[in-house]
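Working notes, structure below.
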Amino acid sequence: MFQKDVPIVENVESKPHNFLMTFQDAEIAAKCRVGQFLQFKAGGLENMLRIPISIARVTGDRVSILYHVVGSGTDVMSKLRVGESINVLGPLGNGFPQDIPADKEILFVAGGIGFGPFPYAMDHFSNWKLFYGVRNEAQLLLQDEIAALEKAGKAFVATDDGSYGTQGFVTDLLDAYLAKDSSNKVIFCCGPNPMMKRVCEVAAKHGVESHISMEDYMGCGIGICVGCVRKIRDASKPDGWEHKKVCKDGPVFKGEDILWN
Amino acid sequence: MELSNVNKPDLRVKLGDVELANPVMLASGTCGYGDELEDYIDLNRLGGISVKGTTLEERQGNPMPRIIETYGGMINAIGFQNVGIERFVSEKYPYLKNIGARTFVNITANSVEEFGLLAARVDALPEIAGVEVNISCPNIKKGGINMGTDPFAAAEVVAAVRKATSKHVMVKLTPNVTDIKPIAKACEDSGADSISLINTLVGMAVDVKTRKPKIANVIGGLSGPAIKPVAVRLTWEVAKTVKIPVVGMGGISCLEDALEFLIVGASAVQVGTANFFNPKVTMEIIDGLEKYMLDNGVAKISDLVGTLRLD
Ligand SMILES: Cc1cc2nc3c(=O)[nH]c(=O)nc-3n(C[C@H](O)[C@H](O)[C@H](O)COP(=O)(O)OP(=O)(O)OC[C@H]3O[C@@H](n4cnc5c(N)ncnc54)[C@H](O)[C@@H]3O)c2cc1C
Ligand SMILES: Cc1cc2nc3c(=O)[nH]c(=O)nc-3n(C[C@H](O)[C@H](O)[C@H](O)COP(=O)(O)O)c2cc1C
Ligand code: FES
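Protein sequences appear in the order of chains Z and S.
Residues in the first sequence are numbered consecutively from 396, following my numbering.
Residues in the second sequence are numbered consecutively from 8, following my numbering.
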């Protein structure tokens, strides 16, 4: 994978504290797969480790990310201007499965900034529905695009406070949708831990396969620090599980294999 | 230092009987088993690699969170998650035996006997240069005393490893001691071929909102640029104390950092945490060393080692 400085062609605050950054690099763009991530270097010693961010979209030789400013690293990123460059490592991780049969409906379930990988997935696949949960309208990313998808019956939005879409949890929307018909479906999910855990429960209840993308704190992103592990079921191990690396073995794991505790 | 016309500087380093193509190595626990870095660096250009701390049995390590960034560094408590020596031999060794970098197996154990068993297993692997003995671990049979903080306990481990292998025995010291010199001396006297240092400094970080420690293990090992001055000082002290070669590390992230260690007496260096944010760092340092030697008329890298001027 690549490690290089790339020129920024766009870096805008689309919603309060939420940015869309696009950089140009043909080599990286050509290697990306849906559900993979990139490691960004922002600043010097005050942000020594890199910042993992999902690939949100690939358009020709341009790669976009959606990021929420939560700390010093993402703050540095938000202050970069068009024409400046940023050092990128990647693309990294396994990504979502690519070989979903066309007649199978993929249910994208996104929570908050976990929406990150889904625009790319929406471009790549055709037979899908999007379930998107956010705290409130101010956190709803790509709002115009989402509104059009809602009109077309392809997207369903839930907010905690009812400021947009249905009030409540997006997992309840998913549950209700699967209760009507759960045949020939598969779930791709990314979001906060409690939401992903609930998605796994809903998936199990309806007998639907799920693929969960984890966003854990990372040291290196390339499998050399072993600081990013999750307990993943493995019958061959003495305790029935193994610590797998989220960055290298993941970030996407089968829902049924994840041990939540 | 002799100034001369240098066309092709000689970066080769001798650690006892082991020759490295250059003094730059990857540090244990920060490079996996080498293969993870092959997209970014040429493993044939490296001087050496010390693989992840290997135990007799496979280990799953500590609970999460096990790493946290601190200013200019990070604290880790991975807990030696590794595949164990048998899977190392069957799954990792076949790859490592074909790379140009000389490989050292970093061994970790909780008793003197286990250290001996691990060294004997490594002894049977022809393409491995030697062991790096991580003596800073608790001896479970002896009430958990840290074998790396006591000269007698350290000597016992080194003697057992020495008996078990004819390969190079590098002993890795912990900085978490009041005086490192007697420990280094005890290792030399018990048969060590080289000393590497430093391992991580014990550290701690607290989340002031929740008042909880930031890693599950409460305390962990501090590494990265923040620890470099401590590491340079300890490397200097040990290099003055022992006659065997010293391999310095701790916070190295660029050419200048590596040069500091060589100047205070390290024959080679290891690069750890910097790989996490700059996987290409070792190649940059090797290129930089070559250029530095050309620019400064240094013919052999050994002409630089231990040239600290105190006048
Ligand atoms: C595979 C992967 C994909 C990701 N994709 C995206 C994305 O598309 N968009 C996006 O905005 N963010 C994403 N993240 C999360 C993002 O990496 C963190 O928000 C970012 O590293 C914070 O860096 P900082 O220096 O700004 O914050 P820091 O100063 O490091 O931390 C600020 C606060 O955020 C917490 N924090 C830091 N990292 C994480 C994390 N990984 N998970 C939960 N809490 C964290 C810290 O504990 C602290 O409370 C992803 C993470 C991973 C592992
Ligand atoms: C995540 C991590 C894991 C480590 N694992 C080991 C190990 O298994 N064995 C060992 O001897 N040292 C281990 N170390 C210590 C390093 O090899 C090195 O001594 C130390 O980090 C100082 O160098 P640095 O500042 O360049 O990282 C580890 C360090 C880190 C950061
Ligand atoms: S982040 Fe370092 S191994 Fe995953």
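Built from N, CA and C at the ideal position, the CB exists for glycine as well.
Rounded to the nearest angstrom, the Cβ distance from F432/Z to G466/Z is 17 Å, too far for a contact under 8 Å. Here N406/Z is not near S480/Z, since their CB atoms are 9 Å or more apart. Here L269/S really is in contact with V312/S; their C-beta atoms are around 5 Å apart, less than 8 Å.
D24/S and I82/S have their alpha carbons spaced roughly 35 Å apart.
Chain order gives the chain Z residues near P72/S as D611, Y612, G622, where near means a beta carbon separation below 9 Å. Contact between Q398/Z and Y47/S is confirmed by a C-beta separation of about 6 Å, below the 8 Å threshold.
Set against 8 Å, the gap from the CB of I617/Z to the closest heavy atom of ligand 3 is smaller. Judged by pairs of C-beta atoms under 8 Å, the stretch 60-79 of chain S touches the stretch 225-232 of chain S, as three or more such pairs exist. With respect to the C-alpha of V647/Z, the residue from M416/Z, D567/Z, L415/Z, G490/Z having the closest C-alpha is G490/Z. At a cut-off of 9 Å, the C-beta of P286/S has a neighbouring C-beta in chain Z. Sixteen is the threshold: when 16 or more other Cβ atoms of the shown chains lie within 10 Å of the Cβ of A171/S, as they do, the residue is buried.
Per the C-alpha coordinates, the member of E532/Z, A547/Z, L537/Z positioned closest to A553/Z is E532/Z. Contact note: Q431/Z does not reach chain S at a C-beta cutoff of 8 Å; the least C-beta distance is about 14 Å.
Between Q88/S and V621/Z, the gap from beta carbon to beta carbon is short of 9 Å.
Assignment of M177/S by DSSP, reduced to helix, strand and coil, places it in the strand class. Around the C-beta of R593/Z, 16 or more other C-beta atoms lie within 10 Å, and the residue is accordingly described as buried. Rounded to the nearest whole angstrom, the CA to CA distance from A131/S to S274/S is 27 Å. Within chain S, G39, E43 have C-beta atoms less than 7 Å from the C-beta of G618/Z, given in sequence order. For C584/Z, the three-state secondary structure derived from DSSP is strand. At least 9 Å separates the beta-carbon of G137/S from that of R52/S.
Looking at I403/Z, L415/Z, V404/Z, the one whose alpha-carbon comes closest to that of Q538/Z is L415/Z. Between Q562/Z and chain S, the shortest Cβ-Cβ separation is not below 9 Å. For K649/Z, the enclosing beta strand (DSSP E) covers residues 647-649. The beta-carbon of F283/S is placed less than 9 Å from the nearest beta-carbon of chain Z.
At least one heavy atom of ligand 1 lies closer than 8 Å to the C-beta of M609/Z. Its Cα nearest to that of G279/S, the residue D264/S stands out among S97/S, D264/S, G272/S. Every beta strand (DSSP E) of 3 residues or more that sits fully in the stretch 559-626 of chain Z is shown, in chain order, as 580-585, 604-608. Sequence-distant Cβ neighbours of I501/Z in its own chain, meaning closer than 7 Å and more than five residues away, are I495, F520, N522, W523, V581, F583.
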